[in-house]
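Take a look at the structure below.
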Amino acid sequence: MPVTVIVGSQWGDEGKGKAIDYFARDADFVARYNGGNNAGHTVINELGTFKIHLVPSGIFYPHTTCLMGNGMVIDPQVLLGEMREIRDAGVNFEKRLLIAQRAHLIMPYHKMLDGLYEEAKGAGATGTTRRGIGPAFADKISYNGLRWADFVGGTFDERLWVQLGLKNKIITALGGAALDYEEVRKTYWDYYAQLKPYITELAPIVHKGLEQNKKFLLEQAMGSLLDTDWGVYPFVTASSTLASAATTGLGIPPRKITRIIGVTKAYSTRVGGGPMPTELPDGHPARAQFGETAATTGRRRRAGWLDLAPVQFTARLNGMDALFVTKLDTLSGLDELKICVAYKLDGKTVPFSVLESTGMGRAAPVYRSFRGWTQNLTEIRKFQDLPKPAIKYIEAIENVVGVPVRYIGVGPERHQVIKK
Ligand code: GDP
Ligand code: IMO
Ligand code: MG
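So that you can map any letter, position 344 of the sequence shown is 344 in the working numbering, and since no number is skipped, the others follow by simple counting.
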């Protein structure tokens with residue numbers, strides 16, 4: 001697997017954390033390349049259950065070097081808390097957790113602005129995680145961001161002074177309380193003092209690893225349908241989430257990527273605003289079975305039938321070689337299952353790619369219906385041992401998406417995987 005990218009094919013929370021944990025056994029490097037602590041990746045292992053927001057999910061394997069790429073935005077307070085939690089669980093990551101000095105910082109004003117913008121948008125709000133992600137990436141792109149490199153190069157104080165002056169004007173105009181320069185400055189220097197041993201320029205490490213043919217596992221955050229450009233704008237996140245973003249987000253040349261695996265949950269979930277054609281109402285028996293709580297914000301995830309209309313598209317956008325279908329076990333016990341295979345708008349079949357948010361809000365899902373099964377799947381490890389209807393369901397996913405399913409999750413734990 002020299003360079004494998006693990007991408008979610010839906011709206012996030014597909015089970016990427018579990019997939020990374022499954023593959024990290026064979027990896028030399030595990031790296032995050034986009035987003036920030038809007039992500040919440042669940043890893044369950046012999047040490048416990050972890051909801052990881054920033055550190056690569058391969059951290060639990062002592063042989064891995066874990067990289068936090070320049071494509072990330074990092075909230076140091078959250079990172080330090082997460083490092084403490086992982087250290088307290090008995091994991092030693094000294095010298096093998098490395099943070100890109102080019103990565104941008106989430107500042108307190110980014111979090112405040114995230115909330116203020118959301119409130120101003122009212123019913124049209126994106127439903128962000130309010131972790132400051134959008135404002136931090138906006139600053140990055142408009143040359144107003146602060147990076148770890150500003151501590152290294154001695155420009156932090158001066159640049160903070162300018163940014164805080166600007167941001168305080170916006171915050172107070174929107175009814176928020178101004179931040180104190182000296183307080184923010186001291187707090188961030190203290191974070192830097194604690195994180196300095198981990199911060200470095202990653203490019204030479206990445207390039208040396210590639211030259212030595214080391215195995216890289218690249219961990220996407222968010223799902224492909226939340227990509228800024230290719231998701232349904234403005235109900236997206238602020239970074240590119242596609243496998244291609246791993247190139248800029250880590251300094252990996254595109255031709256070095258050898259395998260792209262799309263993680264697809266056996267039904268659909270979504271957190272936050274935006275259209276979701278297959279969403280099921282409360283009270284529907286399947287809705288109760290698909291119940292999930294968001295790993296980052298604790299919000300209740302919206303849920304519905306598996307929607308493959310957009311997955312067909314994200315499989316092509318990413319160039320997926322294989323699918324890792326998760327949570328097949330959670331479908332047991334439903335009499336009938338449905339998969340959305342296309343959308344109809346005003347009586348015509350329309351591809352996902354042409355639908356803007358209003359069109360998608362009106363799109364009617366075209367369903368194929370499948371027989372359910374009652375058996376518990378959690379102990380099954382061979383594809384041919386799955387009940388016939390479950391095999392049919394997986395084969396339908398392969399046919400509609402046009403990508404082979406190679407891995408199937410039948411439980412939240414590391415070993416609960418069928419390799420097909
Ligand atoms: P991520 O953000 O893509 O890493 O996904 P999350 O961790 O936010 O959400 C996925 C949820 O599904 C977590 O609670 C996982 O423990 C759980 N999960 C992942 N794969 C499976 C599976 O195959 N079966 C079951 N039952 N749960 C799974
Ligand atoms: P993982 O990595 C699910 C959603 C938010 C919101 C939109 C924008 O765990 O799959 P943001 O805070 O990024 O500005 O919010 O994106 N969102 C996610 N939804 N899983 C995630 O990450 C998400 N990260 C962001 O709910 O709709
Ligand atoms: Mg998640």
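Just so it is clear, CB atoms sit at the ideal spot from N, CA and C, and this is done for glycine as well. Computed from a prediction, not measured in an experiment: that's the story for all the values here.
If you follow the alpha helix (DSSP H) that L308 is in, where does it begin and where does it stop? Numbered from 1 along the sequence shown, position 308 holds the residue referred to as residue 308. Per DSSP, L308 belongs to the alpha helix (DSSP H) from 308 to 318.
Starting from R255, trace the beta strand (DSSP E) both ways and give me its first and last residue. The residue you call residue 255 lines up with position 255 of the sequence shown. Segment: none, R255 is in no beta strand (DSSP E) and carries neither H nor E.
Is the CB-CB distance between C66 and V55 below 8 Å? Within the sequence shown, numbered from 1, the residue matching residue 66 stands at position 66. Within the sequence shown, numbered from 1, the residue matching residue 55 stands at position 55. Yes, these two residues count as a Cβ contact at 8 Å.
Looking at the strands, I want to know which residues DSSP matches up with V43. By one-based count along the sequence shown, residue 43 stands at place 43. Answer by DSSP bridge pairing, in chain order: F50.
Do you know how far the Cα of L146 is from the Cα of F156? Taking the first residue of the sequence shown as 1, we reach residue 156 at position 156. Taking the first residue of the sequence shown as 1, we reach residue 146 at position 146. F156 and L146: Cα-Cα distance of roughly 7 Å.
In terms of alpha-carbon separation, which member of N144, N399, G319 lies closest to V341? Counting from 1 along the sequence shown, the entry for residue 341 is found at position 341. Nearest of N144, N399, G319 to V341, Cα basis: N399.
Within 7 Å: the Cβ of E46 and any heavy atom of ligand 1? Looking up residue 46 in the sequence shown gives position 46. Incorrect: E46 has no Cβ contact closer than 7 Å to ligand 1.
DSSP on T264, reduced to helix/strand/coil? Here the question's residue 264 lines up with position 264 in the sequence shown. T264 falls in the strand class under three-state DSSP.
Secondary structure, alpha helix (DSSP H): runs of 4+ residues fully inside the region 126 to 190: For the region 126 to 190, whole alpha helix (DSSP H) runs of length 4 or above, ordered along the chain, are 133 to 141, 148 to 153, 156 to 173.
Collapsed DSSP secondary structure at P62 in the structure displayed: Counting from one through the sequence shown, the residue named residue 62 turns up at place 62. Here P62 sits in coil by DSSP.
Check whether the Cβ of T42 lies closer than 7 Å to any heavy atom of ligand 1, and answer yes or no. Looking up residue 42 in the sequence shown gives position 42. Distances from the CB of T42 to the heavy atoms of ligand 1 include at least one below 7 Å.
Presumed contact (8 Å Cβ cut-off) between Q101 and W148, rounded CB distance: Here residue 101 corresponds to residue number 101 of the sequence shown, with the count starting at 1. Here residue 148 corresponds to residue number 148 of the sequence shown, with the count starting at 1. Contact flag correct, Cβ pair sits at about 4 Å.
From the DSSP output, read off the bridge partner residues of F324. By one-based count along the sequence shown, residue 324 stands at place 324. For F324, which the question treats as bridged, DSSP gives the partners V263, Y407.
Which residue or residues does DSSP assign as beta-bridge partners of M68? To locate residue 68, count along the sequence shown from 1; it is residue 68. Bridge partners of M68: R32, I99.
Ordered along the chain, which non-local residues of its own chain (more than five positions away) have a Cβ less than 6 Å from that of R270? Here the question's residue 270 lines up with position 270 in the sequence shown. Excluding positions up to five away in sequence, the list reads W11, M276, R302.
What three-state label does DSSP hand H284 in the structure shown? For the purposes of this step, residue 284 is identified with residue 284 of the sequence shown, where counting begins at 1. Here H284 sits in coil by DSSP.
Cutting at 6 Å between CB atoms, please list the residues of its own chain near N294, excluding the five before and the five after it. Stepping through the sequence shown from its first residue, residue 294 is reached at position 294. In the sequence on display, residue 294 carries Ala and not Asn. Taking A294 as the centre and dropping the five residues before and after it, the same chain places the C-beta of V271, R301 closer than 6 Å to its C-beta, in chain order.
In terms of alpha-carbon separation, which member of K420, K16, T358 lies closest to P234? Stepping through the sequence shown from its first residue, residue 234 is reached at position 234. Closest option to P234, Cα to Cα, is T358.
Between V206, Q375, A24, which lies nearest to G249 when the distance is taken from Cα to Cα? For the purposes of this step, residue 249 is taken as residue 249 along the sequence shown, with counting starting at 1. Selected option, being the one with the closest Cα: V206.
Which residues in the same chain have their Cβ closer than 8 Å to the Cβ of L80, if we skip the five residues on either side of it in sequence? On the sequence shown, residue 80 is found 80 positions in, with the first residue counted as 1. So the qualifying residues of the chain are Y191, Q194, L195.
Quick check: the Cα distance between D329 and A322, rounded to an integer number of angstroms? In the sequence shown, counting from the first residue as 1, residue 329 sits at position 329. In the sequence shown, counting from the first residue as 1, residue 322 sits at position 322. Taking the straight line from one Cα to the other gives about 20 Å.
Just grab the DSSP bridge partners of Y343 for me. On the sequence shown, residue 343 is found 343 positions in, with the first residue counted as 1. According to DSSP, which records beta bridges pairwise, Y343 is partnered with V350, P365.
With distances taken Cα to Cα, identify the nearest neighbour of G15 among V184, K420, P412, K419. By one-based count along the sequence shown, residue 15 stands at place 15. Nearest of V184, K420, P412, K419 to G15, Cα basis: P412.
Would you mind working out which of D13, T64, Y22, P76 sits nearest K51, comparing C-alpha positions? Counted from its first residue, the sequence shown places residue 51 at position 51. When only C-alpha atoms are compared, the closest one is D13.
How about the region 176 to 183 and the region 128 to 136: do they share at least three Cβ pairs that are nearer than 8 Å? no
Could you check whether the Cβ of D321 sits closer than 7 Å to any heavy atom belonging to ligand 3? For the purposes of this step, residue 321 is identified with residue 321 of the sequence shown, where counting begins at 1. No, the beta carbon of D321 sits no closer than 7 Å to any heavy atom of ligand 3.
Got a sec, what are the start and stop residues for the alpha helix (DSSP H) A120 sits in? Position 120 of the sequence shown, counted from the start, is the residue given in the question as residue 120. Taken as a continuous stretch (DSSP letters only), the alpha helix (DSSP H) holding A120 covers 108 to 121.
How should S142 be labelled, buried or exposed, when 16 other C-beta atoms within 10 angstroms of its C-beta is the threshold for buried? The count along the sequence shown starts at 1 and reaches residue 142 at position 142. Flag for S142 reads exposed.
Is the beta carbon of I418 closer than 8 Å to that of R371? As a working note, residue 371 is residue 371 in the sequence shown. As a working note, residue 418 is residue 418 in the sequence shown. Not in contact: R371 and I418 (Cβ atoms no closer than 8 Å).
Taking the Cβ atom as the reference point for each residue, do E279 and G304 lie within a distance shorter than 8 Å? What you label residue 279 is simply residue 279 of the sequence shown in a count that begins at 1. What you label residue 304 is simply residue 304 of the sequence shown in a count that begins at 1. Cβ distance < 8 Å, so E279 and G304 count as in contact.
Does the distance between the C-beta of Q101 and the nearest non-hydrogen atom of ligand 1 fall short of 7 Å? Taking the sequence shown and counting its residues from 1, one reaches residue 101 at position 101. Because no heavy atom of ligand 1 lies under 7 Å away, the Cβ of Q101 does not count as near it: no.
With H, G and I counted as helix, E and B as strand and the rest as coil, what does DSSP make of L425? Since the first residue of the chain shown is 1 and the last is 420, residue 425 is not available in this structure.
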